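This report refers to the structure that appears directly beneath it.
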Ligand code: AHR
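And the structure:
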């Protein structure tokens with residue numbers, strides 16, 4: 189890759205391919221593993237030479253990876269930002285080097301939107317709202333207080349901020365819903381279990397768990413069972429993602445509802461990358477299409493689920 193950068197001169201890799209530097213968040217969840225697979229497989233089938241790095245959930249590692257892609261003069265940089273803030277400097281460096289940037293999965297809070305070409309990913313606020321709406325419907329005939337505990341995703345990440353906000357917007361309309369504890373479980377199973385254990389110790393009456401992803405919900409299920417309670421019955425559970433293990437727990441009755449967040453962003457990402465490198469116009473925002481699953485729907489969807 190020599191002179192890529194949305195100036196109409198699509199640069200070529202060693203074998204004539206477009207070169208993409210992709211800075212991944214980490215391997216914190218089933219969702220992330222499926223996302224990485226999608227990016228790697230679609231790069232292959234789109235003939236894109238992929239340079240891939242795993243930031244192990246650390247912003248400084250992602251910034252290092254992006255700087256190294258700038259140095260290597262890749263044609264396009266794509267990344268899923270660990271957190272929302274603190275990207276302006278490195279994004280300006282990419283812009284000055286004339287290397288287009290595509291945000292995938294997660295957003296940044298940079299005011300200057302010219303620092304990236306497009307943002308491909310889910311509407312996380314809407315995902316939070318969907319979780320809240322299910323809960324409102326589930327308890328529509330009850331006047332009793334509903335005690336909710338929340339397992340947040342990685343602190344400062346777009347999905348944690350937005351899933352919290354969307355959910356709160358819906359449930360705060362009815363004062364019977366109380367979020368009695370809310371803490372980060374960093375999107376991992378181990379942390380989800382650990383934080384849920386602490387929630388259970390501190391709160392004798394928990395009616396509902398809202399976990400920002402399946403993995404934290406699955407960890408929490410272990411904590412709930414360990415405390416002698418029945419997940420899905422004694423404590424209702426709502427999660428986000430709909431990865432295979434989450435869907436299995438939903439079909440088994442241990443989770444009550446899952447809001448889907450699709451990790452299969454690879455094919456659209458490759459398509460957008462080719463366009464921006466050629467200097468073609470792309471939409472500023474590409475929102476992923478997603479659904480929701482009840483226990484019955486999970487049983488039907490599981491056999492043909494891709495991830
Ligand atoms: O950014 C998407 C989120 O990141 C997924 O919902 C979560 O599982 C992952 O770690």
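In the working numbering, the protein residues as written are 189 to 495.
Quick reminder that beta carbons are idealized off the backbone N, C-alpha and C, glycines included.
Keep in mind it's a predicted model, so treat the numbers as computed, not measured.
Does the beta-carbon of residue 217 have 16 or more other beta-carbons within 10 angstroms, so that it is buried, or is it exposed?
buried
Within the same chain, show all residues whose beta-carbon is closer than 6 angstroms to that of residue 384, passing over the 5 residues directly before and after it, in chain order.
The beta carbon of residue 384 sits closer than 6 angstroms to the beta carbons of 408, 411 from its chain, once the five residues preceding and following it are set aside; these are given in chain order.
For the putative contact between residue 311 and residue 475, defined by C-beta atoms under 8 angstroms, what is the C-beta separation to the nearest angstrom?
5 angstroms
Are there three or more Cβ pairs, one per stretch, closer than 8 angstroms when the stretch 424 to 444 is compared with the stretch 452 to 470?
no
Between residue 323 and residue 359, is the Cβ-Cβ spacing less than 8 angstroms?
In contact: residue 323 and residue 359 (Cβ atoms closer than 8 angstroms).
Since residue 398 is in the alpha helix (DSSP H), which residue starts that stretch and which ends it?
Unbroken run through residue 398 is the beta strand (DSSP E), 396 to 399; no alpha helix (DSSP H).
Where does residue 484 land, buried or exposed, given buried means 16+ other C-beta within 10 angstroms?
exposed
Return yes when the Cβ of residue 452 is within less than 8 angstroms of the Cβ of residue 433, no when it is not.
For residue 433 and residue 452, no; Cβs fall outside 8 angstroms.
Would you call residue 471 buried or exposed, if buried means 16 or more other Cβ atoms sit within 10 Å of its Cβ?
exposed
Go through the stretch 297 to 330 residue by residue and report every complete run of the alpha helix (DSSP H) that reaches 4 residues or more, in order.
312 to 326
Kindly give me the distance between the Cβ atoms of residue 344 and residue 273, rounded to whole angstroms, as I take these residues to be in contact under 8 angstroms.
7 angstroms
If we ignore side chains and look at the alpha-carbon of each, how far apart do residue 498 and residue 207 end up?
No answer is possible for residue 498: it lies beyond the span of the chain, which begins at 189 and ends at 495.
According to the neighbour-count rule (16 or more other Cβ atoms, all chains shown, within 10 Å of its Cβ), is residue 493 buried or exposed?
exposed
Is residue 434 a contact residue of ligand 1, with contact defined as CB to any heavy atom under 7 angstroms?
no
Determine the direct distance from the alpha carbon of residue 482 to that of residue 448, and round the result to whole angstroms.
Approximately 11 angstroms between the Cα atoms of the pair.
Within 10 angstroms of its Cβ, does residue 491 collect 16 or more other Cβ (buried), or is it exposed?
With fewer than 16 Cβ atoms within 10 Å of its Cβ, residue 491 is classed as exposed.
Tell me the start and end of each unbroken alpha helix (DSSP H) in the stretch 271 to 299 that is at least 4 residues and wholly inside, in chain order.
276 to 284
Out of 361, 392, 428, which one is the CA nearest neighbour of residue 417?
392
List the residues that DSSP assigns as beta-bridge partners of residue 238.
208
How is the beta strand (DSSP E) around residue 370 delimited, first residue to last?
365 to 372
Taking 7 angstroms as the cut-off, is the beta-carbon of residue 220 closer than that to any non-hydrogen atom of ligand 1?
Yes, the beta carbon of residue 220 sits closer than 7 angstroms to at least one heavy atom of ligand 1.
Using CA coordinates, which residue listed in 386, 290, 240 is at the minimum distance from residue 469?
290
Within the continuous alpha helix (DSSP H) that includes residue 351, where are the two ends?
346 to 359 is the extent of the alpha helix (DSSP H) around residue 351.
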